[in-house]
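**Student:** I am attaching a structure below and will ask some questions about it afterwards.
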Ligand SMILES: Nc1ncnc2c1ncn2[C@@H]1O[C@H](COP(=O)(O)OP(=O)(O)OP(=O)(O)O)[C@@H](O)[C@H]1O
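In my numbering, the protein residues as written are 8 to 389.
Written out as structure tokens, the structure reads:
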């Protein structure tokens, strides 16, 4: 047994949360048929709860027993969001955030599982069960999301514009799994909604080649170096509402969408943040400028491999904080970790390495395959 686990003992005491309503509603059978036999065979003690209502997972995480070795979440990204928000309300939050979380993909959005296990294994509950047993703790940055008096933790993304519309407008197609995002995208190509908001970004990096090299260095076992760089050339307006030395930039042009988050995949069909790293202390922000319907359709080609990263119309930043203020006439929705929020002003701040996940690798599994030449070629094309 010791040899099978690389000298470590597998986690023993597991809190398991299952959302019977997640994805295609198969979380229960996924657990009993594919996950439970693996965990039980390894001698784990399982404390299983089937969630009965929204926020149930939050309530459970809030009272999590600190002798739990890991939390196993059988659902989609929405339940992970609830668990993290529950941990933030725990009586001993510092200790509670050290209990690692392991997702088992059983939702319609399983971005976290894809990012930890990769495209091949990310939707395989058995591979995710093995990660519970053999994964290592991986520290991840979380985000403090503030909107008016409301404060939430976000772990994956905040989205406005076309991409947010897709998430909400295809809600009734959850039974399709993440194919619903592709269908929604095709529909949006017809309507081509635009998004108008003022973004203030506390910039850490915007050199695409440098960010891509940092990810490659991380996978090769070299340390990444994300540091604040001088702006050259600056964006539209530059202002500095923070402390001296902070570099804040402003972006205030109509665009198709703003996607901010962590983890390369937001769904199987879209690698929105190919240079994202779990613990670099920043959030990646992608702003898609307005392009023609033809170019938008063409951008589907290679979107699952992060090809869009190189388009010059895809403005890409790493930031330690940002604020967004929708214009008064702005329509559309705001989606945070897949859940709907009012389209109102909000602020996001990175909380470095607050969360703990179980992961087979000391980095995100999906690889961003690129070379400088193809990057340059695409920049010229776009
Ligand atoms: N028993 C339940 N009945 C209804 N809703 C529930 C139940 N248990 C949990 N939920 C809610 O289901 C929501 C969606 O769960 P989750 O994200 O895990 O699945 P999903 O299929 O990927 O959904 P989405 O694609 O909307 O993120 C959670 O935000 C949670 O509040």
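C-beta: ideal position from N, C-alpha, C; glycine also.
Please specify which runs of the beta strand (DSSP E), each continuous and at least 3 residues long, are wholly inside the stretch 324 to 386, giving them in chain order.
**Tutor:** If we require 3 residues or more, the beta strand (DSSP E) runs fully inside the stretch 324 to 386 come out as 341 to 343, 346 to 348, 353 to 366.
**Student:** I want to check one thing, is the minimum distance from the CB of residue 58 to the heavy atoms of ligand 1 below 7 Å?
**Tutor:** Yes; taking the cut-off as 7 Å, the Cβ of residue 58 has a heavy atom of ligand 1 nearer than that.
**Student:** Determine the direct distance from the alpha carbon of residue 193 to that of residue 300, and round the result to whole angstroms.
**Tutor:** Approximately 10 Å between the Cα atoms of the pair.
**Student:** Please state the DSSP three-state secondary structure of residue 36.
**Tutor:** Helix, per DSSP.
**Student:** What three-state label does DSSP hand residue 143 in the structure shown?
**Tutor:** Correct three-state label for residue 143: strand.
**Student:** Measure the Cβ-Cβ separation of residue 155 and residue 114 and say whether it is below 8 Å.
**Tutor:** Contact flag unset, no.
**Student:** So, is residue 62 buried or exposed, given that buried needs 16 or more other C-beta atoms within 10 angstroms?
**Tutor:** Under this definition residue 62 is an exposed residue.
**Student:** Answer yes or no: do residue 352 and residue 332 have a C-beta to C-beta separation smaller than 8 Å?
**Tutor:** Their beta carbons are under 8 Å apart, which means residue 352 touches residue 332 by this criterion.
**Student:** Residue 132: beta carbon under 7 Å from a heavy atom of ligand 1?
**Tutor:** No.
**Student:** Counting only the same chain and skipping the five closest in sequence on each side, list residues whose C-beta sits under 6 Å from that of residue 196.
**Tutor:** Contacts found: 300, 303, 304.
**Student:** In the structure shown, what three-state DSSP assignment does residue 163 receive?
**Tutor:** If DSSP states are grouped into helix, strand and coil, residue 163 belongs with coil.
**Student:** Does the Cβ-Cβ distance between residue 49 and residue 211 come in under 8 Å?
**Tutor:** No, these two residues do not count as a Cβ contact at 8 Å.
**Student:** How many Å lie between residue 220 and residue 317 at the Cα?
**Tutor:** Approximately 13 Å between the Cα atoms of the pair.
**Student:** Just list the alpha helix (DSSP H) runs in the stretch 83 to 150, keeping only unbroken ones of 4 residues or longer that don't cross its boundaries, in chain order.
**Tutor:** Runs found: 84 to 95, 100 to 103, 118 to 128, 132 to 141.
**Student:** Would the beta-carbon of residue 103 fall within 8 Å of that of residue 71?
**Tutor:** In contact: residue 103 and residue 71 (Cβ atoms closer than 8 Å).
**Student:** Can you check whether the CB of residue 264 is closer than 8 Å to the CB of residue 204?
**Tutor:** No, the pair does not count as a contact, with Cβ atoms beyond the cut-off.
**Student:** Among all the DSSP beta bridges, which residues are the ones paired with residue 284?
**Tutor:** None; residue 284 has no bridge partner.
**Student:** How close, in whole Å, do the beta carbons of residue 189 and residue 111 come, if the pair is a contact with beta carbons under 8 Å?
**Tutor:** Actually they are not in contact, since the Cβ atoms of residue 189 and residue 111 sit about 24 Å apart, beyond 8 Å.
**Student:** Can you tell me whether residue 210 sits near ligand 1, meaning its C-beta is under 7 Å from at least one heavy atom of the ligand?
**Tutor:** No - ligand 1 has no heavy atom lying nearer than 7 Å to the Cβ of residue 210.
**Student:** To the nearest angstrom, report how far apart residue 375 and residue 313 are at their CA atoms.
**Tutor:** Computed Cα separation, rounded: 7 Å.
**Student:** Under 7 Å: does the beta carbon of residue 159 sit that close to some heavy atom of ligand 3?
**Tutor:** For the structure depicted, ligand 3 is absent and the ligand set comprises only ligand 1.
**Student:** On a CA-only basis, which of 270, 354, 65 is nearest residue 145? Give me that one, please.
**Tutor:** Considering only alpha carbons, the answer is 270.
**Student:** Could you spell out the range, first to last residue, of the alpha helix (DSSP H) harbouring residue 198?
**Tutor:** Per DSSP, residue 198 belongs to the alpha helix (DSSP H) from 186 to 198.
**Student:** Quick one: residues in its chain with C-beta nearer than 6 Å to the C-beta of residue 96, no 5 flanking neighbours on either side, listed in chain order?
**Tutor:** Counting only Cβ-Cβ distances below 6 Å, and skipping sequence neighbours, we find 69.
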